[in-house]
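Enquirer:
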Amino acid sequence: MIPVIPVPTNAAPPKVVIDTQVIMDWLVFNNQSVAPLIQAVQTQALIWIGLAAMKAELLHVLGRGIAASYGPDLVLIDQEFARWCHLIEKDPLPAIRLVCRDKDDQMFIDLALAEQASFLISRDRAVLALAKRARRVGLAIMTPEAWIKQATPSALGVAQAQ
130 MIPVIPVPTN AAPPKVVIDT QVIMDWLVFN NQSVAPLIQA VQTQALIWIG
180 LAAMKAELLH VLGRGIAASY GPDLVLIDQE FARWCHLIEK DPLPAIRLVC
230 RDKDDQMFID LALAEQASFL ISRDRAVLAL AKRARRVGLA IMTPEAWIKQ
280 ATPSALGVAQ AQ
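Take the position in the sequence shown, starting the count at 1, then add 129; the result is the number in this note's numbering.
1) Apply the 10 Å Cβ neighbour rule to I134 and answer buried if 16 or more other Cβ atoms are within range, or exposed otherwise.
2) What's the gap between the Cα of M177 and the Cα of R264?
3) Work out the CA separation of L203 and A196 for me, nearest whole Å.
4) In or out: V151 buried (at least 16 other Cβ within 10 Å) or exposed?
5) Taking the continuous beta strand (DSSP E) assigned at L249, which residues delimit it?
6) Please report the straight-line C-alpha distance between N160 and L242, rounded to a whole angstrom.
7) Nearest to L227 by CA position, among I147, A181 and L268, is which residue?
8) Based on Cα-Cα distance, which residue from E244, I238, R230 and D154 lies nearest to A215?
9) Given this structure, state the Cα-to-Cα distance separating T149 from A258, to the nearest angstrom.
10) Write down the C-beta distance between I238 and C229 rounded to the nearest angstrom, noting that I regard them as a contact closer than 8 Å.
11) Please classify V136 as buried or exposed, where buried requires at least 16 neighbouring CB atoms within 10 angstroms.
12) Roughly how many angstroms separate the alpha carbons of M183 and V163, rounded to a whole number?
13) Just how far apart, CA to CA, sit L188 and A141?
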């Protein structure tokens with residue numbers, strides 16, 4: 130008799146890297162267009178991963194220009210980042226084949242590839258320009274709206290009717 134090996138039916142939720150602009154849409158501008166993406170993170174349908182350097186970049190951006198004029202709640206931002214973002218302690222190796230023309234954005238690509246994230250959600254043109262090449266290595270780079278449009282109900286954190 131051949132032994133039956135149980136196959137797990139609940140795969141781990143996909144990992145997602147979310148860039149600074151999208152985090153600002155959520156935590157500073159309260160942009161409801163990203164709400165389904167954030168709900169997916171909060172229901173753990175997606176696992177948001179990041180680096181301490183990404184949080185530092187966010188705080189740097191919030192301290193200047195237009196973002197500063199919104200009077201961002203830095204305590205809330207710190208709390209939400211700590212609550213929902215799974216910080217990766219080790220800096221990823223640099224991507225060799227996917228190099229962003231904006232060096233500040235390279236860490237998002239490097240992390241997504243090193244941690245085998247399914248998605249990198251961005252509004253940055255330099256990052257989005259790599260989408261076609263990234264698909265070849267298993268990474269979907271897209272805007273929040275594109276992610277929402279293609280997401281399944283379970284990815285959106287919505288329970289499916291039985």
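For glycine and all other residues, C-beta sits at the position ideal for the given N, C-alpha and C.
Expert: The short version:
1) Because the pLDDT of I134 is 47, which lies under 50, any placement of that residue in the model is unreliable, and the question is left without a value.
2) One point to set straight first is that residue 177 is Trp, not Met, in the sequence displayed. Using only the alpha carbons, I get a separation of about 19 Å.
3) 12 Å
4) buried
5) F248 to I250
6) 28 Å
7) L268
8) Note on residue identity: the sequence assigns His, not Ala, to residue 215. The option with the nearest alpha carbon to H215 is E244.
9) 17 Å
10) 6 Å
11) Caution is warranted here: a pLDDT of 44 is assigned to V136, below 50, making its placement in the model unreliable, and no coordinate value can be reported.
12) 19 Å
13) 30 Å
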